[in-house]
Amino acid sequence: MFRTVKIAILGLSLGLSGAACANELEILNIRLGQGDATLIQGPVDANGERVNVLFDAGDMKGRDGGDIIRAVLARLGIRELDYLIISHDDADHLGGVGFGGHHGHSFLLGFDDAPGSPGDDDGDGDADWLGPREFFLPDPEELGTGDDLIVRNFVDYGAELMRDDTQAIEKYQGMANAMGTRITLNSQADVDSFEIDLGSGARMILFAANGFVRGRSARVDNVDTPNERSLSFLVTYGNFDFLISGDMTGQASGAENAEVEFAVGQAIVAAGFDVDVLHANHHGADNASETRFLELIRPEIAIVSAGNRNSHEHPRNAALERMVTAGVDRIFQTEWGTTESPISLDVRDHHAVWQQDI
1 MFRTVKIAIL GLSLGLSGAA CANELEILNI RLGQGDATLI QGPVDANGER VNVLFDAGDM
61 KGRDGGDIIR AVLARLGIRE LDYLIISHDD ADHLGGVGFG GHHGHSFLLG FDDAPGSPGD
121 DDGDGDADWL GPREFFLPDP EELGTGDDLI VRNFVDYGAE LMRDDTQAIE KYQGMANAMG
181 TRITLNSQAD VDSFEIDLGS GARMILFAAN GFVRGRSARV DNVDTPNERS LSFLVTYGNF
241 DFLISGDMTG QASGAENAEV EFAVGQAIVA AGFDVDVLHA NHHGADNASE TRFLELIRPE
301 IAIVSAGNRN SHEHPRNAAL ERMVTAGVDR IFQTEWGTTE SPISLDVRDH HAVWQQDI
């Protein structure tokens, strides 16, 4: 069977590309600056349908990340997401669910032909959002009706592990509990068994969640933070493999010292996979893209989701240098990012910002 894979970094200026080939897997990295959102579309089936997975839905500082996500989905004609996966509960990975869109509260709510209005999809006189604060919790009787986006499955590491200290997280919790099925992945049994069938042999295989790693006898030590708990998925199709893991960490930095990356790398190699494209962990931070991990999976291409003028100085030069040393042939960034010092020439030769609008 002839199989192809299309990988692109998508922005705001939307001009539709050609229709997908029947056996084509598409991975679309949506430009959200420091925010993260990746659309994974399985091959088109005999009925012209395909599985749509959105991995993370971050907000964008100074702009509306959720509105960017919604614009991309609308231009692609996507009205349903089979899965919305949230790697962990940081705003730059889930904030678009709580605040995106013209409504100011979620990219999942449709335009309602009146941008800026909460909408009343079922015509009962009540807005889409209810609660003690304006637009705080979704109305489950209206959510997913009218021109709202429908999510069949929300996937995360569970309400009990998420923080309760931000409106973004509370709004996400309300949304995930009000529509579709919520799938919680936070145990060894979950990690050893969960995968998503993308069709035509393409799969998304869970490799880590909450510090548990596929095929491993014990949980990784010192997993205490949302970054360290990040969900990690391998997208595999024929001989192509793509790894995406949110803000998963690999070496010590501040309060984070769990070596989850290395354990995931060992599990991937043990399962017989060879990563072609790595969505760089933690936006190219220095506590990720650890040397042993990179030497195990040996990606040919790395994609860094990083925003210009970000206060974290992502991507870090040391992380970029480790990628190049490990044999990464090309590093693509959604934006230039903000390295802490000029990029060395040996890294610059392997480094590019590639931005393609759909």
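Position 62, counted from 1, in the sequence shown is what the UniProt record's numbering calls 62; the numbers after and before it change by one each time, with no gaps. Think of the CB as a built atom: it goes at the ideal place given N, C-alpha and C, for glycine as much as any other residue.
Same chain only: Cβ atoms within 6 Å of residue i, ignoring 5 sequence neighbours per side
i, result
"Ser87", "Asp56, His93, Ser230, Leu231, Gly246"
"Asn210", "Tyr157, Asn186, Arg229"
"Ile183", "Asn153, Val155"
"Leu278", "Leu243, Pro299, Ala302"
"Val220", "Gly211, Ala258, Val260, Ala263"
"Thr236", "Arg203"
"Pro315", "Gly284, Val304, Ala306, Gly337"
Classification of residue i by the beta-carbon crowding that lies within 10 angstroms, buried from 16 upward
i, result
"Asn239", "exposed"
"Thr249", "buried"
"Asn47", "exposed"
"Asp276", "buried"
"Ala176", "buried"
"Gly254", "exposed"
"Asp329", "exposed"
"Arg163", "exposed"
Given residue i as reference, the closest of the options once Cα atoms are compared
i, options, result
"Leu243", "Ala176, Arg322, Ala280, Ser217", "Ala280"
"Ile78", "Ile205, Gln266, Val53, Ala91", "Val53"
"Arg292", "Ala202, Gly33, Ala218, Ile268", "Ile268"
"Leu206", "Phe233, Val97, Asp45, Ile297", "Phe233"
"Gly35", "Gly65, Ala159, Met162", "Gly65"
"Ala271", "Gly284, Gly215, Asn222, Gln167", "Gly215"
"Asp89", "Leu39, Tyr172, Phe332, Ser193", "Tyr172"
"Val191", "Ser217, Ala178, Gln167, Ala168", "Ser217"
Backbone CA spacing between residue i and residue j [nearest angstrom]
i, j, result
"Leu109", "Asp147", "7 Å"
"Tyr83", "Gly42", "12 Å"
"Glu290", "Leu320", "10 Å"
"Thr225", "Ser200", "36 Å"
"Ala189", "Asp197", "18 Å"
"Gly265", "Asp59", "29 Å"
"Leu137", "Gly174", "6 Å"
"Ser305", "His282", "8 Å"
"Asp165", "Asp139", "22 Å"
"Asn29", "Phe273", "22 Å"
"Ser117", "Gln167", "Any answer about Ser117 is weak, because its pLDDT of 46 lies below 50 and its placement is not dependable; what the coordinates show is given next. Using only the alpha carbons, I get a separation of about 20 Å."
Spatial neighbours of residue i in its chain, beta-carbon cut-off 7 Å, leaving aside the 5 residues before and after
i, result
"Glu295", "Ala326"
"Glu256", "Thr225, Asn227, Glu228, Thr249, Asn287"
"Phe262", "Gly250, Glu290, Arg292, Phe293"
"Leu161", "Asn186, Asn210, Arg229"
"Phe194", "Leu185, Leu206"
Proximal residues to residue i (C-beta, below 8 Å), its chain only, five neighbours per side dropped
i, result
"Gly180", "Gly144, Ile150, Val151, Arg152, Asn153, Phe154"
Which residue spans inside the segment 235-276 form an unbroken alpha helix (DSSP H) run of at least 4?
Every alpha helix (DSSP H) stretch that sits fully inside the segment 235-276 and reaches 4 residues is listed by chain position as 260-270.
Write down every uninterrupted run of the beta strand (DSSP E) in the UniProt domain "Metallo-beta-lactamase" (32-98) whose length is 3 residues or greater and which is fully enclosed by it, in chain order.
For the UniProt domain "Metallo-beta-lactamase" (32-98), the full-length beta strand (DSSP E) segments reaching 3 residues or more read 38-41, 52-55, 83-85 along the chain.
Runs of beta strand (DSSP E) wholly within the segment 189-233 (minimum 3 residues, chain order) | Fully enclosed beta strand (DSSP E) runs of 3 or longer: 195-199, 202-209.
Going along the chain, which unbroken runs of the beta strand (DSSP E) with 3 or more residues stay wholly within the segment 129-183?
For the segment 129-183, whole beta strand (DSSP E) runs of length 3 or above, ordered along the chain, are 153-156.
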